[in-house]
Amino acid sequence: MKVSAPATIANFGPGFDVFGLCLEKPMDVIEVKLADEVEVKVEGYEVPEDPSRNVASVSALSLLGEVGVESGFKMKIKKGIRPTSGLGSSGASALGGALAIAKLLGVEDKETILRAALEGEKVASGTPHGDNVVPALFGGFVVLNSLFPLNVVKIDVKLKLVVVLPEVKVSTKKARELLPKYVPLRDAVKNLALASSLVLALEEGDIEEAGRLLDDYLAIPYRKPLIAWFDKVRRAALENGAYGLSISGSGPAVFALGDNLKEIGKAVVEAFEEEGIKAEYFISGVGGGAE
Numbered sequence: 001m002k003v004s005a006p007a008t009i010a011n012f013g014p015g016f017d018v019f020g021l022c023l024e025k026p027m028d029v030i031e032v033k034l035a036d037e038v039e040v041k042v043e044g045y046e047v048p049e050d051p052s053r054n055v056a057s058v059s060a061l062s063l064l065g066e067v068g069v070e071s072g073f074k075m076k077i078k079k080g081i082r083p084t085s086g087l088g089s090s091g092a093s094a095l096g097g098a099l100a101i102a103k104l105l106g107v108e109d110k111e112t113i114l115r116a117a118l119e120g121e122k123v124a125s126g127t128p129h130g131d132n133v134v135p136a137l138f139g140g141f142v143v144l145n146s147l148f149p150l151n152v153v154k155i156d157v158k159l160k161l162v163v164v165l166p167e168v169k170v171s172t173k174k175a176r177e178l179l180p181k182y183v184p185l186r187d188a189v190k191n192l193a194l195a196s197s198l199v200l201a202l203e204e205g206d207i208e209e210a211g212r213l214l215d216d217y218l219a220i221p222y223r224k225p226l227i228a229w230f231d232k233v234r235r236a237a238l239e240n241g242a243y244g245l246s247i248s249g250s251g252p253a254v255f256a257l258g259d260n261l262k263e264i265g266k267a268v269v270e271a272f273e274e275e276g277i278k279a280e281y282f283i284s285g286v287g288g289g290a291e
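In UniProt numbering, the protein residues as written are 1 to 291.
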């Protein structure tokens, strides 16, 4: 069985651990066949081939355990999403591993697939957050109300956005460790207003308004030690026509909405380079999910 699992943008502005957007590209491609032993081979970006440390194989093993099947497998991973990029690299591999085994065994229950995928995600980030694996599975823009029982609101938004990927690493685990257990009430209220309005703007297809609603008061302010360049690149995007810019997941990738996405991408790349950081940009539409 061969499946492709796409990159995703978690949080999507004010929706910490709740909002997620599926991208058309890049993606991981995972191929598995049942076998007596467990073997993992990787090409592309470097990730562990040890089955106990590779998120795709951990998820695949978890899926086998969930359905009570005793089997090994041989897995080939074409890793197209850069690890520690902020684009759901571990989430894509985790979902891909679970989904490939599920398809082999005829398992269609999404909760079962997600439960297994989250075991892999936990290996990478230390916590089983679903705002990457869920949009990667469902496609489109999703609001994750609950994982178990599964309750997801999906909006089939049509938009293009520019993603800028700098050559720095931000550990999801470290980024989550910086977050406080409690935040000021005023900040929670601000995020609630932003998130509610953003869902409405996306539902109505008002991309300009959606861009203006990408601020966040729950995560980004506390992650500034890891993303000291954020204010500068955001300013560069806004000065070149972006409606708004935010961090993808825990970073370092950033994304922006606007009219002239190429010009925005170039401006943000230049802002990174002024900080001594190499970067590249790409433009993507909204993806339809893993298949």
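Glycine is no exception: its CB is placed at the ideal position from the N, C-alpha and C atoms.
The model shown is predicted, which means the values in this text are computed figures rather than measured ones.
- prompt: Whose CA, out of 184, 183, 210, lies closest to the CA of residue 195?
  reply: 210
field: Helix, strand or coil at residue 221 according to DSSP, with G and I counted as helix
entry: helix
field: Outcome for residue 69 when other beta-carbon atoms lying within 10 angstroms are tallied against a minimum of 16
entry: exposed
- request: Enumerate in chain order the residues of its own chain whose CB-to-CB distance from residue 273 is below 8 Å, with the five nearest sequence positions on each side excluded.
  value: So the qualifying residues of the chain are 279.
- prompt: Going straight from the alpha carbon of residue 174 to that of residue 227, what length do you get?
  reply: 12 Å
task: Specify whether the region 235-246 and the region 121-131 touch according to this definition: at least 3 beta carbon pairs, one from each stretch, less than 8 Å apart.
output: no
message: Considering only DSSP beta bridges, list what residue 193 is partnered with.
response: For residue 193, DSSP records no beta bridge to any residue.
- prompt: What residue does the beta strand (DSSP E) around residue 8 start on, and which one ends it?
  reply: 2-10
message: Checking 8 Å against the spacing of the C-beta atoms, do residue 1 and residue 100 come in under that value?
response: yes
query: Among residues of its own chain, excluding the 5 on either side of residue 91, which ones have a beta-carbon nearer than 7 Å to its beta-carbon?
result: Leaving aside the five residues that flank residue 91 on each side, the residues in its chain whose CB is nearer than 7 Å to its CB run, in chain order, 8, 121, 132, 133, 136.
message: Let's see if you can read the secondary structure: which residues bound the beta strand (DSSP E) around residue 277?
response: Residue 277 -> no beta strand (DSSP E), and no H or E assigned at all.
message: By the three-class DSSP mapping on this structure, what secondary structure does residue 97 have?
response: Here residue 97 sits in helix by DSSP.
query: Which class does residue 209 belong to by DSSP, given the choice of helix, strand or coil?
result: In the structure shown, the three-state DSSP call for residue 209 is helix.
query: Thinking just about the alpha-carbon of each residue, which of 253, 148, 147, 189 is nearest to the one in residue 170?
result: 253
- prompt: Counting Cβ pairs closer than 8 Å, one from the region 29-40 and one from the region 70-79, do we hit at least three?
  reply: yes
- request: Tell me whether residue 26 sits in a helix, a strand or coil according to DSSP, three-state version.
  value: strand
query: Exposed or buried, residue 14, counting other C-beta atoms within 10 Å across all chains shown (16 or more means buried)?
result: buried
- prompt: Where does residue 216 land, buried or exposed, given buried means 16+ other C-beta within 10 angstroms?
  reply: buried
- request: With a cut-off of 8 Å on the beta carbons, I'd call residue 256 and residue 161 a contact; round off their distance for me.
  value: Rounded, the Cβ-Cβ distance is 7 Å, consistent with contact.
- prompt: Between 146, 168, 141, which lies nearest to residue 202 when the distance is taken from Cα to Cα?
  reply: Nearest to residue 202 by alpha-carbon distance, out of 146, 168, 141, is 141.
task: With residue 150 as the anchor, note down where its alpha helix (DSSP H) starts and where it stops.
output: Careful: residue 150 lies outside any alpha helix (DSSP H) and carries neither H nor E.
query: Tell me which same chain residues have a C-beta within less than 6 Å of the C-beta of residue 208, skipping the five on either side of it?
result: 243
Where residue 158 falls: helix, strand or coil (DSSP): Correct three-state label for residue 158: coil.
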